[in-house]
């Protein structure tokens, strides 16, 4: 994703899409959507893709304006990125890795250096102005921050402890407990499988065995 926007900015414009026209800009580019409204609201036509159009609406309203406002050029890079295992084959891995180099001071080292932080988790932290190891290591009470999300709030203390360990270069004990014992033998086991739909926020399937 980073490489795509990087290539777009090389020409100082976003590539035109069907129903769009691009305008050259000193930033990523500014464009105006001219697609018919009925094309964006196919949910009324009974299409199987109808439920996903809400995600498209959220992306266009909440994320896309921020992408268009980012600056990228010699000595400046405001693009959003997050380093994870999916970045192994990306040709820009070397560029992004510079931001988490251990030689950087904690206040300049990107929060992506913290193991276990997800892509959306980093977005949530940035909305709270938490961008570096130093910011996260000093974020006391992070779990109670509004709009943090259930997954990130549940692991906030652990991520903050990991950030503090990286920032100070020390080994810190966490509250996590691990065991390598085999589970006890049981005569009867009750298994409950629940499938959650993240788009419609409902439980489409629930089974037991």
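Residue numbers (this note's numbering): 53 to 261.
Cβ atoms here follow ideal geometry from the backbone N, Cα and C, with glycine treated the same way.
{"Check": "Grouping DSSP H, G and I as helix and E and B as strand, with all else coil, what is residue 241?", "Outcome": "coil"}
{"Check": "Kindly list the residues whose CB is nearer than 7 Å to the CB of residue 216, restricted to its own chain and excluding five residues on each side of it in sequence; keep chain order.", "Outcome": "189 and 224"}
{"Check": "Measuring only the C-alpha atoms, how far is residue 137 from residue 119?", "Outcome": "23 Å"}
{"Check": "Determine the closest residue to residue 228 out of 237, 103, 208 and 158, with distance taken between C-alpha atoms.", "Outcome": "208"}
{"Check": "Assuming residue 165 and residue 185 make a contact with CB atoms under 8 Å, what is their CB distance in whole Å?", "Outcome": "6 Å"}
{"Check": "Assuming residue 117 is part of the alpha helix (DSSP H), what are its boundary residues?", "Outcome": "116–121"}
{"Check": "What does a CB cutoff of less than 6 Å around residue 242 pick up in its chain, not counting 5 residues either side in sequence?", "Outcome": "none"}
{"Check": "Measuring only from the beta carbon, is residue 228 closer than 7 Å to any heavy atom that is part of the ligand ATP?", "Outcome": "Ligands displayed in this structure: none; no statement on the ligand ATP is therefore possible."}
{"Check": "By Cβ distance, which residues of its chain are closer than 8 Å to residue 89, with the 5 residues on each side in sequence left out?", "Outcome": "Interpretation of residue 89 is limited by its pLDDT of 46, a score under 50 that renders its predicted location unreliable; the figure taken from the coordinates is listed afterwards. Same-chain partners within the cutoff: there are none."}
{"Check": "Going by DSSP, name the residue or residues bridged to residue 128.", "Outcome": "125"}
{"Check": "Is the stretch 165–179 touching the stretch 191–204, taking contact as three or more C-beta pairs under 8 Å?", "Outcome": "yes"}
{"Check": "Can you give me the C-alpha to C-alpha distance between residue 161 and residue 154, rounded to a whole angstrom?", "Outcome": "8 Å"}
{"Check": "Can you look up residue 153 in the DSSP assignment and give me helix, strand or coil?", "Outcome": "coil"}
{"Check": "Under DSSP, the alpha helix (DSSP H) around residue 181 begins and ends at which residues?", "Outcome": "First-last for residue 181: undefined, no H or E at that position."}
{"Check": "Output the distance between the C-alpha atoms of residue 134 and residue 210, rounded to the nearest integer angstrom.", "Outcome": "19 Å"}
{"Check": "By the three-class DSSP mapping on this structure, what secondary structure does residue 246 have?", "Outcome": "strand"}
{"Check": "Leaving out five residues before and five after residue 158 in sequence, what residues of the same chain have Cβ atoms less than 6 Å from its Cβ?", "Outcome": "185, 186 and 219"}
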